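Visitor:
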Amino acid sequence: MKSIFRKFSAWGIMATLALMMGWSVESQACTNLIAGKKATIDGSTMITYAADSHTLYGFLDYYPAADHKKGDMRKIYDWDSGKYLGEIPEVAHTYKVVGNINEHQVTLAESTWGGRHECEDTTGRIDYGSLMYLALQRSKTAREALKVMTDLVAQYGYCSEGESFSVGDPNEVWVLEMIGKGGKEKGAVWVAIRIPDDCISGHANQARIHKIPFNDKQNCIYSKDVVSFARKMGWFNGKDEDFDFSLTYCPADYGTLRGCDARAWAFFNKYATGMDRYLPYLEGKKGAEIMPLYVKPNRQLTVRDMQNMMRDHFEGTPYDMTQDPGAKNYFDVPYRYRPMEFKVDSVTYSHERAIATQQTGFVFCTQMRSWLPDAVGGIIWFGVDDANTAVFVPMYCCINEVPECFREGKGDLYNFDFDAAFWVNNLIANQCYHRYSQMIPDVRRVQQGLEDGFQAKQMQVEAKAQALYQSNQAAAVEYLTNYSLNSSQDYLRKYQQLAQYLFVKYLDGNIKKEKDGEFERNAWGNPVQPKFGGYTQPYFETIVKGSGDYLKVKEVEK
Numbered sequence: 033m034k035s036i037f038r039k040f041s042a043w044g045i046m047a048t049l050a051l052m053m054g055w056s057v058e059s060q061a062c063t064n065l066i067a068g069k070k071a072t073i074d075g076s077t078m079i080t081y082a083a084d085s086h087t088l089y090g091f092l093d094y095y096p097a098a099d100h101k102k103g104d105m106r107k108i109y110d111w112d113s114g115k116y117l118g119e120i121p122e123v124a125h126t127y128k129v130v131g132n133i134n135e136h137q138v139t140l141a142e143s144t145w146g147g148r149h150e151c152e153d154t155t156g157r158i159d160y161g162s163l164m165y166l167a168l169q170r171s172k173t174a175r176e177a178l179k180v181m182t183d184l185v186a187q188y189g190y191c192s193e194g195e196s197f198s199v200g201d202p203n204e205v206w207v208l209e210m211i212g213k214g215g216k217e218k219g220a221v222w223v224a225i226r227i228p229d230d231c232i233s234g235h236a237n238q239a240r241i242h243k244i245p246f247n248d249k250q251n252c253i254y255s256k257d258v259v260s261f262a263r264k265m266g267w268f269n270g271k272d273e274d275f276d277f278s279l280t281y282c283p284a285d286y287g288t289l290r291g292c293d294a295r296a297w298a299f300f301n302k303y304a305t306g307m308d309r310y311l312p313y314l315e316g317k318k319g320a321e322i323m324p325l326y327v328k329p330n331r332q333l334t335v336r337d338m339q340n341m342m343r344d345h346f347e348g349t350p351y352d353m354t355q356d357p358g359a360k361n362y363f364d365v366p367y368r369y370r371p372m373e374f375k376v377d378s379v380t381y382s383h384e385r386a387i388a389t390q391q392t393g394f395v396f397c398t399q400m401r402s403w404l405p406d407a408v409g410g411i412i413w414f415g416v417d418d419a420n421t422a423v424f425v426p427m428y429c430c431i432n433e434v435p436e437c438f439r440e441g442k443g444d445l446y447n448f449d450f451d452a453a454f455w456v457n458n459l460i461a462n463q464c465y466h467r468y469s470q471m472i473p474d475v476r477r478v479q480q481g482l483e484d485g486f487q488a489k490q491m492q493v494e495a496k497a498q499a500l501y502q503s504n505q506a507a508a509v510e511y512l513t514n515y516s517l518n519s520s521q522d523y524l525r526k527y528q529q530l531a532q533y534l535f536v537k538y539l540d541g542n543i544k545k546e547k548d549g550e551f552e553r554n555a556w557g558n559p560v561q562p563k564f565g566g567y568t569q570p571y572f573e574t575i576v577k578g579s580g581d582y583l584k585v586k587e588v589e590k
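Numbering-wise (the numbering used here), the sequence shown opens with residue 33 and increments by one.
(1) Tell me whether the beta-carbon of Glu195 lies closer than 7 Å to the beta-carbon of Ala239.
(2) Alpha carbon to alpha carbon, how far is Gly485 from Pro426?
(3) Based on Cα-Cα distance, which residue from Gly131, Ser255, Trp413 and Cys282 lies nearest to Lys179?
(4) Under DSSP, the alpha helix (DSSP H) around Thr392 begins and ends at which residues?
(5) From which residue to which residue does the alpha helix (DSSP H) around Lys489 run?
(6) Look up Pro426 in the DSSP assignment and say whether it is helix, strand or coil.
(7) Would you grab the beta carbon distance between Ile412 and Phe396 for me? Rounded to a whole angstrom, and I think it's under 8 Å.
(8) Quick check on Tyr446: does DSSP put it in helix, strand or coil?
(9) Using 8 Å as the cut-off, can you tell me whether the region 93-107 makes contact with the region 351-366, which would need three or more C-beta pairs spanning the two stretches below that distance?
(10) What's the call for Phe91, buried or exposed, on a 16-neighbour Cβ count within 10 Å?
(11) On the CB-based measure, 16 or more other CB atoms within 10 Å of its CB, does Leu155 come out buried or exposed?
(12) Please state whether DSSP places Trp297 in a helix, a strand or coil.
(13) Nearest CA to the CA of Gly214: which residue from Leu166, Pro202 and Tyr190?
(14) By the three-class DSSP mapping on this structure, what secondary structure does Asn340 have?
(15) Can you say whether Pro312 is buried or exposed, counting buried as having 16 or more other CB atoms within 10 angstroms of its CB?
(16) Identify whether Ala71 lies in helix, strand or coil by the three-state DSSP scheme.
(17) Measuring alpha carbon to alpha carbon, tell me which of Lys586, Asp352 and Phe246 ends up nearest Val223.
(18) Count the CB pairs spanning the region 301-312 and the region 387-396 that are closer than 8 Å, and state whether there are at least three.
(19) To the nearest angstrom, how far is the alpha carbon of Thr280 from that of Ile322?
(20) Leaving aside the five residues before and after Thr398 along the sequence, list all residues of the same chain whose C-beta is less than 6 Å from its C-beta, in chain order.
(21) Is the CB-CB distance between Ile227 and Ser233 below 7 Å?
(22) Going by DSSP in three states, Gly118 sits in which element: helix, strand or coil?
(23) For Ser196, which beta-bridge partners are listed by DSSP?
(24) Given Gly54, which residues of its chain have a CB within under 7 Å of its CB, disregarding the five upstream and five downstream residues?
(25) Out of Ala284, Val129, Lys70 and Asp451, point me to the one whose CA is closest to Lys172's CA.
(26) Between which two residues does the beta strand (DSSP E) harbouring Lys375 extend?
(27) With a 10 Å radius around its C-beta and 16 neighbouring C-beta atoms as the bar for buried, classify Leu524 as buried or exposed.
(28) Going by C-alpha distance, which of Asp112, Pro96, Arg157 and Trp111 is nearest Gly118?
(29) Hey, Cys252 and Trp145: beta-carbon distance below 7 Å or not?
(30) Using DSSP with H/G/I as helix, E/B as strand and the rest coil, what is Lys586?
(31) Assuming Cys62 contacts Ser143 under a Cβ cut-off of 8 Å, what Cβ separation, rounded to an integer in Å, is found between them?
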């Protein structure tokens, strides 16, 4: 999704003017985290994604496999606006796609960084969202997906802003970065780098590829004009080996360093040593060492590690959103409502922007495994709304239908449906945002119980699926479909109960007492006096500081 901050020039001049003129520079923003197969404890490759947007309704996309006749055309609609862009020829066969993973365990995800406004091309026929799903429907491997994507934009033009894509299969993961040519030439300039198997990576609305290893043909591919186009435009005049893709096409400003790259840094900092060395870079210090595209973790990661990282609010770092005055005054809530920037005494400030955020449409962690049949090996652990309060539910890449609670058309952003997962999650999350430190333990109990249960069943479920697959592949697919459907129903039922429980327990700022798993009653069956939720001590101190003696309890004069 689109970046919080749109970049316009090497020094962010236009962004500064936008702020001065009162224009909005906030938009949509997403986070991707990546782990190579030797960086994970079981040998999986993994990609996570939070689709963050204030107008995105969370559901699980589904495209069944299909055969197409010669002459069949595919209509292309812009993923963000719904605008019709044109049509392109279909291929003879398209693969099944469940969310952002296909039946061959290929995963694609993205984050938008905007980049130079001169590169925006409104004449192209392919937008970034369509590009992902076209590649998923037409690719058996990550390298095939890269070729499909780059060939499509070369032939039909690219009409989106600058974009980073995560592209993975059971054996390797790549980061592809792409930006258009402003209508001056058809297509896009791009570069793709393979993440080493023993490393982790991430991107979050800022171009992350700097120097290009042009001679490493096995692990780096790029458009033939990635440098020459920049020279033609007057943006670069040095030697090829000195070319910096990010600096050239997506020059950073303070907002993109602190609000975007800092999210990738949080992932690195959690699982690698020595990451403090990049804090000056995130603070925009002159001459600071640039944060690398990937690092080697200090231990191998699990699926739960990747999932929980999507719930991060910079806890335990200098940017910890539970520790600043905005949180300490208000139940340690690690959320800040938009707009991000604000002014006090004519000075501009900005809230932090963490990985977990309130305006998420959907979130996932894909697990891709080379030693299993594709139908069993590929999972998209899928959730909706804020990752911090969402549940990652196992959806196998082979399933023949989408659970009703995750289905497109089951509610929408303007129509509430208590049987739609998106709305149930929002009921829970939005209650927590107001009394976070009090409510989040109740959420964690149910959330972790569900995820622990799914994790505990995984080995047994997959053993049965593999046994079925050897003799009857269709039966294995049906079994995994039913398991995915039942898992989603179990989750939905327990989360519906949780939403109601939170509302009852914390009604009117009180906290109802519990005994033996039930709300406590007196000997005559009536409710007992609840605990008063109150406020935090820092909140009281702030009130007194701002009001002086206005609220002070005084002696009555006689």
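The beta-carbon is built from N, C-alpha and C at its ideal position, and this holds for glycine as well.
It should be emphasised that the depicted structure is a prediction, and the values quoted were computed from it without experimental measurement.
Guide: Here's the rundown:
(1) Taking the first residue of the sequence shown as 1, we reach residue 195 at position 163. Taking the first residue of the sequence shown as 1, we reach residue 239 at position 207. In this structure, Ala239 does not lie closer than 7 Å to Glu195 by Cβ.
(2) As a working mapping, residue 485 is identified with position 453 in the sequence shown. As a working mapping, residue 426 is identified with position 394 in the sequence shown. For Gly485 and Pro426, the distance between alpha carbons rounds to 11 Å.
(3) As a working mapping, residue 179 is identified with position 147 in the sequence shown. Put simply, of Gly131, Ser255, Trp413 and Cys282 the residue whose alpha carbon is nearest the alpha carbon of Lys179 is Ser255.
(4) As a working note, residue 392 is residue 360 in the sequence shown. Counting along the chain, Thr392 falls outside any alpha helix (DSSP H), though it belongs to the beta strand (DSSP E) covering Thr392 to Met400.
(5) Along the sequence shown, one-based indexing puts residue 489 at 457. Tyr468 to Ser503 is the span of the alpha helix (DSSP H), which, as asked, contains Lys489.
(6) Locating residue 426 in the sequence shown gives position 394, where the first residue counts as 1. Note: Pro426 maps to strand in three-state DSSP.
(7) As a first step, residue 412 must be located in the sequence shown, where it is residue number 380. As a first step, residue 396 must be located in the sequence shown, where it is residue number 364. Correct: roughly 5 Å between the Cβ atoms.
(8) If you number the sequence shown from 1, residue 446 lands on position 414. Coil.
(9) no
(10) Position 59 of the sequence shown, counted from the first residue, corresponds to residue 91. Classification for Phe91: buried.
(11) Numbered from 1 along the sequence shown, position 123 holds the residue referred to as residue 155. According to the sequence shown, residue 155 is Thr rather than Leu. Exposed, by the Cβ-count rule.
(12) If you number the sequence shown from 1, residue 297 lands on position 265. Here Trp297 sits in helix by DSSP.
(13) Taking the sequence shown and counting its residues from 1, the one referred to as residue 214 is at position 182. Of the listed residues, the one whose Cα sits closest to Gly214 is Tyr190.
(14) Numbered from its first residue, the sequence shown carries residue 340 at position 308. In this structure, Asn340 counts as helix in the three-state DSSP scheme.
(15) What you label residue 312 is simply residue 280 of the sequence shown in a count that begins at 1. Exposed, because fewer than 16 other Cβ atoms sit within 10 Å of the Cβ of Pro312.
(16) The count along the sequence shown starts at 1 and reaches residue 71 at position 39. Helix, per DSSP.
(17) Taking the sequence shown and counting its residues from 1, the one referred to as residue 223 is at position 191. For the residues Lys586, Asp352 and Phe246, the minimum Cα distance to Val223 belongs to Phe246.
(18) By the Cβ test, the region 301-312 is not in contact with the region 387-396, since fewer than three Cβ pairs between them sit closer than 8 Å.
(19) Along the sequence shown, read from residue 1 onward, the residue named residue 280 stands at position 248. Along the sequence shown, read from residue 1 onward, the residue named residue 322 stands at position 290. C-alpha separation (whole angstroms): 14 Å.
(20) The residue labelled residue 398 in the question sits at position 366 within the sequence shown. Closer than 6 Å at Cβ, skipping near neighbours: Ile79, Ile133, Thr139 and Ile412.
(21) Sequence index remark: in the sequence shown, residue 227 carries index 195 (1-based). Sequence index remark: in the sequence shown, residue 233 carries index 201 (1-based). Yes, Cβ-Cβ distance for Ile227 and Ser233 is below 7 Å.
(22) The residue labelled residue 118 in the question sits at position 86 within the sequence shown. Gly118 falls in the strand class under three-state DSSP.
(23) For this step, residue 196 is matched to residue 164 along the sequence shown. Its beta-bridge partners are Ser143 and Glu209.
(24) Within the sequence shown, the letter at position 22 stands for residue 54. The predicted model places Gly54 with a pLDDT of 31, which falls under 50 and marks its position as unreliable; any figure quoted below should be read in that light. Answer for Gly54: no residue qualifies.
(25) Indexing the sequence shown from 1 puts residue 172 at position 140. Of Ala284, Val129, Lys70 and Asp451, the residue nearest in Cα terms is Val129.
(26) Here residue 375 corresponds to residue number 343 of the sequence shown, with the count starting at 1. Start and end: Glu373 to Val376.
(27) Numbered from its first residue, the sequence shown carries residue 524 at position 492. When all chains shown are included, Leu524 counts as buried.
(28) In the sequence shown, the residue the question calls residue 118 occupies position 86. The shortest C-alpha separation from Gly118 is found at Arg157.
(29) For the purposes of this step, residue 252 is identified with residue 220 of the sequence shown, where counting begins at 1. For the purposes of this step, residue 145 is identified with residue 113 of the sequence shown, where counting begins at 1. Cβ atoms of Cys252 and Trp145: not closer than 7 Å.
(30) Here residue 586 refers to the residue found at position 554 when the sequence shown is read from its first residue. Three-state DSSP puts Lys586 in coil, outside helix and strand.
(31) Taking the first residue of the sequence shown as 1, we reach residue 62 at position 30. Taking the first residue of the sequence shown as 1, we reach residue 143 at position 111. At roughly 4 Å, the Cβ-Cβ gap stays under 8 Å, so Cys62 and Ser143 are in contact.
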